[in-house]
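Sequential numbering of the sequence shown, starting at 0, is according to numbering that gives the first Met the number 0.
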Amino acid sequence: MKGIINKGIQELVETKFGVEAWLKIKELANCEEPFFAASENYPDEMTIALVKAAAEVSGLSPEEVQVEFGKYWVPNTGRKAYPTFFQIAGTTPREFLINMNRVHDIATRTAVGAAPPKFSYEELPDGKLIMRYHSKRKLCSVLRGLIMGVGILYQKELEVVEKCCMFQGADYCEMEISFDA
0 MKGIINKGIQ ELVETKFGVE AWLKIKELAN CEEPFFAASE NYPDEMTIAL
50 VKAAAEVSGL SPEEVQVEFG KYWVPNTGRK AYPTFFQIAG TTPREFLINM
100 NRVHDIATRT AVGAAPPKFS YEELPDGKLI MRYHSKRKLC SVLRGLIMGV
150 GILYQKELEV VEKCCMFQGA DYCEMEISFD A
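This is how it looks when you write it as structure tokens:
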């Protein structure tokens, strides 16, 4: 996992729960990293341990921590770390989401060992968007939060309904997004 993800977890925790909570989370996760370099690769197991420890410290479930991370990451960590990508992603929440393959491809073009997710889409007649998430990491709850974070970024309320999930045996997670919730 790229360091920018772990850095985002740290920023979320420190913002919502304080530095002491972050130090406790690092201790519980046996994380001895003094800081996370945004473009460095870190073991996925480290990120999972940080999420589990954040759940324990915050009282949230690991899935809730992942959703909160996504909601926070887009308008905060991601926007600050990748301003150019955010400019090319689009001018509306729909454009931003539809451009996720392009953004991930550009962002990881020179990143050795990167394993970005892939997305497929379907536009529904009622204006909703079906977004299918394909990833061996199965971070479906993070995706749900990231979609909500896009809404926060654009100051639009998005409704996200999970239609199927890899954790229930599907080949992908499918989110139905309403843009005028």
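C-beta: ideal position from N, C-alpha, C; glycine also.
- When the five nearest sequence neighbours on each side are left out, the beta carbons in the same chain lying within less than 8 Å of the beta carbon of T46 are those of M0, I4, N5 and I8, in order along the chain.
- Listed in chain order, the alpha helix (DSSP H) runs fully inside the stretch 64-140 are 82-87, 92-97 and 99-107, counting runs of at least 4 residues.
- In terms of Cβ geometry, A54 and V64 form a close pair [threshold 8 Å].
- Contact between the stretch 70-87 and the stretch 140-154 is established, with three or more Cβ pairs separated by less than 8 Å.
- Just measuring C-alpha positions, the residue of A36, Q167 and P42 sitting nearest A28 is P42.
- Assignment of N29 by DSSP, reduced to helix, strand and coil, places it in the coil class.
- A direct Cα-to-Cα measurement between E10 and W21 gives close to 9 Å.
- Scanning its chain for C-beta atoms nearer than 6 Å, with the 5 sequence neighbours on each side dropped, one finds around M99 the residues F118, in chain order.
- DSSP places S177 in the uninterrupted beta strand (DSSP E) bounded by C172 to S177.
- Comparing alpha carbon positions, the residue from C30, F95, M174 and P33 closest to L142 is M174.
- Shown here, K162 sits in a strand according to DSSP, grouped into three states.
- Remark: fewer than three beta-carbon pairs, one from each stretch, lie closer than 8 Å, so the stretch 76-89 and the stretch 157-177 are not flagged as touching.
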